[in-house]
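Shown next, in structure tokens, is the structure this report addresses.
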Amino acid sequence: MKIFKQGIRYVGFPILFLSFSAILILNSGNLWIAYTTLSLSVLMGMILERIIPFEKTWNESDADSKSDLFFFVIQPIVAPFAGTAVAGIVHLSLSAFGGSPTHLGGSSLWFQILIGMFFSGLIPYWIHRFSHAKDGFLWRVHSIHHSPKRLYWMNAFRSHPINTILTTGGALLPALLLGLHPDAVLIVGMLNNFVSIYNHMNIDFRLGILNRIFNMNELHRWHHSKVPAEGNNNYSSGAFVFWDILFGSYYLPRKEMDSNLVGLFEPDKFPAKSILKQILFPICKCS
Numbered sequence: 002m003k004i005f006k007q008g009i010r011y012v013g014f015p016i017l018f019l020s021f022s023a024i025l026i027l028n029s030g031n032l033w034i035a036y037t038t039l040s041l042s043v044l045m046g047m048i049l050e051r052i053i054p055f056e057k058t059w060n061e062s063d064a065d066s067k068s069d070l071f072f073f074v075i076q077p078i079v080a081p082f083a084g085t086a087v088a089g090i091v092h093l094s095l096s097a098f099g100g101s102p103t104h105l106g107g108s109s110l111w112f113q114i115l116i117g118m119f120f121s122g123l124i125p126y127w128i129h130r131f132s133h134a135k136d137g138f139l140w141r142v143h144s145i146h147h148s149p150k151r152l153y154w155m156n157a158f159r160s161h162p163i164n165t166i167l168t169t170g171g172a173l174l175p176a177l178l179l180g181l182h183p184d185a186v187l188i189v190g191m192l193n194n195f196v197s198i199y200n201h202m203n204i205d206f207r208l209g210i211l212n213r214i215f216n217m218n219e220l221h222r223w224h225h226s227k228v229p230a231e232g233n234n235n236y237s238s239g240a241f242v243f244w245d246i247l248f249g250s251y252y253l254p255r256k257e258m259d260s261n262l263v264g265l266f267e268p269d270k271f272p273a274k275s276i277l278k279q280i281l282f283p284i285c286k287c288s
């Protein structure tokens, strides 16, 4: 059993990511297969949280469970709405000014996926980085995501609707301007979602050199540190960490993160007990 667990730690993520990628590409354009496979992948992650947890006590806590459930329900509603709205705005804007997107839709699916994965992280990176400006509007929007004192699969869905709209729109905009085929856009979105969910999971994956490519647990846990010098790093929101490396915000020290240091920089300012106040927090600063 010990050898089995060690094997999962080191090769579990590459196998899951490559398998998911292959299923998406072989069934490109099939929404049912894409979302069903993503759902089954999340279920697999929930099981792995029990088999090889990074921190066992995180599995035993039920803190913030009501808030987690609330955001888990509204996130799948807000994100598609944001994507549809951005697509409509881009189409209307291009039509109004007589422009047209760069036509990459006729190139190979592999090329479009790589281009999409590369550029989909640029705008969300800077939105995320600007969001960490102390006490600003964007930080109050983003602080909901950082408020829990543990990390597990539902943290990925814990996002203020404004944060979801900005990040979803920012990730989708390059694909629309580049004129990527809808199949490529779907695959890019699914792969980014897969990694974004998995990098919040309480799984002791160890990627080694792959941490220079993928935005996974070992790396992203540091972003949730309540120590500013640690948490104000690793802003990549999608699957890859290229933009962190390029802009100097990549942070992965040799030491293991202290599981007690997850949370907000200044928790006393955050309305942790009221979901309504959390939604209104960016506007009214109510605590």
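Residues in the sequence shown are numbered consecutively from 2, following our numbering.
Note that the Cβ used here is the ideal one computed from N, Cα and C, for glycine as well.
By the C-beta criterion, the region 82 to 95 is judged not to be in contact with the region 226 to 246, since fewer than 3 inter-stretch pairs fall below 8 Å.
Within 10 angstroms of the beta-carbon of Q7 lie fewer than 16 other beta-carbons, which makes it exposed.
Taking a C-beta distance under 9 Å as the contact criterion, M217 and N200 qualify as a contact pair.
For F271, the secondary structure class from DSSP, reduced to helix, strand or coil, is coil. Assigned with DSSP and collapsed to three states, V43 falls in helix. With 16 or more other Cβ atoms inside 10 Å of its own Cβ, G190 counts as buried.
Non-local C-beta neighbours of S197 in its own chain, meaning closer than 6 Å and more than five positions away in sequence, comprise A157, ordered along the chain.
Counting of Cβ neighbours within 10 angstroms places P81 among the exposed residues, the total staying below 16.
Straight-line spacing of the CA atoms in V142 and M2 works out to 43 Å. Residue burial annotation: K150 is buried, with at least 16 other C-beta atoms found within 10 angstroms of its C-beta.
Considering only I24, I163, V91 and S148, the residue with the shortest C-alpha distance to K274 is S148.
W223 sits away from G46, with the two beta carbons spaced by 9 Å or more. Under a 10 Å Cβ-count criterion, F120 is classified as buried, with 16 or more other Cβ atoms of the shown protein chains found around its own Cβ. Looking at the DSSP output, S197 sits in no beta bridge, so it has no partner there. Comparing alpha-carbon positions, the option among I24, L178, V74 and W140 lying closest to F282 turns out to be W140.
Straight through space, the alpha carbons of F206 and I9 are spaced by roughly 7 Å.
DSSP, reduced to helix, strand and coil, places V228 outside both helices and strands of the structure shown, so it counts as coil. Between G117 and L179, the C-beta gap is smaller than 9 Å, which places the two residues in contact.
Rounded to the nearest angstrom, the gap between the Cα atoms of S250 and I75 is 30 Å. Excluding its 5 nearest sequence neighbours in each direction, L173 has C-beta neighbours in its own chain below 6 Å: G84 and V87, listed in chain order. Excluding sequence positions up to five before and after T38, its CB lies within less than 7 Å of the CB of F21 and I24, all in the same chain and listed in chain order. Between G122 and F241, the C-beta spacing is below 9 Å.
If you draw a straight line from the Cα of L49 to the Cα of M202, it is about 9 Å long.
At the C-beta level, T165 and V79 come within 9 Å of one another.
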